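**Student:**
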Amino acid sequence: MKEAYFFDIDGTIYDNKFHEIDPDLFREFGYLQENGADLYLMSSRSPYETIHLPEEFLEYPFAGIILEGGGAVYGKDLDLVDAWLIPGSDIKKIRNYCRDHDLLWRYSGPEGNYFNRKEDLATRTHWRKLYLTVPKVKEWKGDDVCNILIWTRDENQKRELQELLTDNSVVVYPDCIEVRAKGISKENIIRKLRRKKGYQRVICVGDGPNDVNMLREADCGVAMKNACKEAREAADVVIGSVGEGGVTVWLKNRRERGIHHELTSYRK
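With this note's numbering, the residue at position 161 of the sequence shown is 155, and numbering never jumps.
(1) If we require 3 or more residues per run, which beta strand (DSSP E) segments fall completely within the segment 39 to 105?
(2) Look up residue 33 in the DSSP assignment and say whether it is helix, strand or coil.
(3) Does the beta-carbon distance from residue 84 to residue 105 come in below 8 Å?
(4) List the endpoints of the continuous beta strand (DSSP E) containing residue 144.
(5) Is the distance from the Cβ of residue 173 to the Cβ of residue 166 below 8 Å?
(6) Leaving out five residues before and five after residue 192 in sequence, what residues of the same chain have Cβ atoms less than 7 Å from its Cβ?
(7) Count the other C-beta atoms from every protein chain shown that fall within 10 angstroms of the C-beta of residue 148, then say buried if there are 16 or more, exposed otherwise.
(8) Out of 131, 132, 133, 170, which one is the CA nearest neighbour of residue 150?
(9) Between which two residues does the beta strand (DSSP E) harbouring residue 24 extend?
(10) Along the chain, where does the beta strand (DSSP E) containing residue 174 start, and where does it finish?
(11) State the DSSP-derived secondary structure class of residue 111, mapped to helix, strand or coil.
(12) Measuring straight from C-alpha to C-alpha, what distance separates residue 16 and residue 95?
(13) Terminal residues of the continuous alpha helix (DSSP H) containing residue 236?
(14) Within its chain, find whatever has a CB closer than 8 Å to the CB of residue 72; leave out the 5 residues flanking it on each side and keep chain order.
(15) Considering only residues of the same chain and omitting the five flanking positions on each side of residue 118, which have a CB-CB separation below 7 Å?
(16) Please state if the CB of residue 202 and the CB of residue 299 are separated by a distance shorter than 8 Å.
(17) Do residue 208 and residue 180 have their C-beta atoms closer together than 8 Å?
(18) Can you give the Cα-Cα distance for residue 185 and residue 196, rounded to whole angstroms?
(19) Assign residue 4 to one of two classes, buried (16 or more other C-beta atoms within 10 Å of its C-beta) or exposed (fewer than that).
(20) Less than 8 Å between the C-beta atoms of residue 20 and residue 49, yes or no?
(21) My output table needs one value for residue 221: the three-state DSSP class, helix, strand or coil.
(22) Once the 5 residues before and after residue 158 are set aside, which same chain residues still bring their CB inside 7 Å of it?
(23) Taking the continuous alpha helix (DSSP H) assigned at residue 184, which residues delimit it?
(24) Tell me whether residue 216 is buried or exposed, calling it buried when 16 or more other Cβ atoms sit within 10 Å of its Cβ.
(25) Quick check on the burial criterion: 16 or more other C-beta atoms within 10 angstroms. Buried or exposed for residue 177?
(26) Taking the C-alpha atoms as reference points, what is the distance between residue 122 and residue 241?
(27) Residue 233 and residue 142: beta carbons closer than 8 Å?
(28) State the Cα-Cα distance for the pair residue 160 and residue 66, rounded to the nearest angstrom.
What follows is the structure, encoded as structure tokens:
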């Protein structure tokens, strides 16, 4: 049976608090590949936010690295394979709305990763803690863009932005919204790869709001113990937290029991 595994990065296999990946995880990845599985990374990171990930992680022979929340696919050495761009007309709507409401937004794509204006200290500190790097500041002037984050906690503004961007794919978080091109999401890129590659079984692992539909799309959706409530509810299996090496332990236990053990009883 042809299988594919899709792993979210942050909060799933990468511990942002300590900027570590369990070294034993690569051994388990190797066992999966020896059994013919394809392994993919799935993240809303831009490629410019991956440069400080551990070297052994970046050099690992994944079948593909899907970034920008599904907006771009990268191959070996982070060479761009394909990208789905947000139309310039929609970016202008975002730019104008954010100017009118004095909102910070970040746009990213093959050409770079930028804040629209100087960010506040709290955002800068939070971003550096997460990714060990901070976007440069540059006003958007027609750059190719795959992914946008707009910071607001105001529920009215979130609703207004969703109404403004009905032709786009939008994910709502407590403190921001994420915008991608129409029809672009982690789950949709999985559907495309399933059709293209002929995968008969797809296993997805994640923890965040943008992983919820990906977990539902999977034949087996796996959520971390540290995942948001919506992700845990969408999953077939909940495993240990990222700080406990949850993915490594789960894969090791599956291998020792028989690699597809839990798939005989999941609820889908």
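Ideal Cβ placement from N, Cα and C applies to all residues, glycine included.
A quick note: this is a predicted structure, and the numbers were derived from the prediction, not measured.
**Tutor:** Here's the rundown:
(1) 58 to 61, 66 to 68, 74 to 77, 99 to 103
(2) strand
(3) no
(4) 141 to 145
(5) no
(6) -4
(7) exposed
(8) 170
(9) Residue 24 -> not in any beta strand (DSSP E); alpha helix (DSSP H) instead, spanning 19 to 28.
(10) 170 to 174
(11) coil
(12) 42 Å
(13) Careful: residue 236 lies outside any alpha helix (DSSP H) and carries neither H nor E.
(14) 41, 44, 52, 59
(15) 128
(16) Residue coverage of the chain in this structure runs from -5 to 262, which leaves residue 299 outside it and unanswerable.
(17) yes
(18) 10 Å
(19) buried
(20) no
(21) coil
(22) 87, 91
(23) 180 to 191
(24) buried
(25) exposed
(26) 25 Å
(27) no
(28) 21 Å
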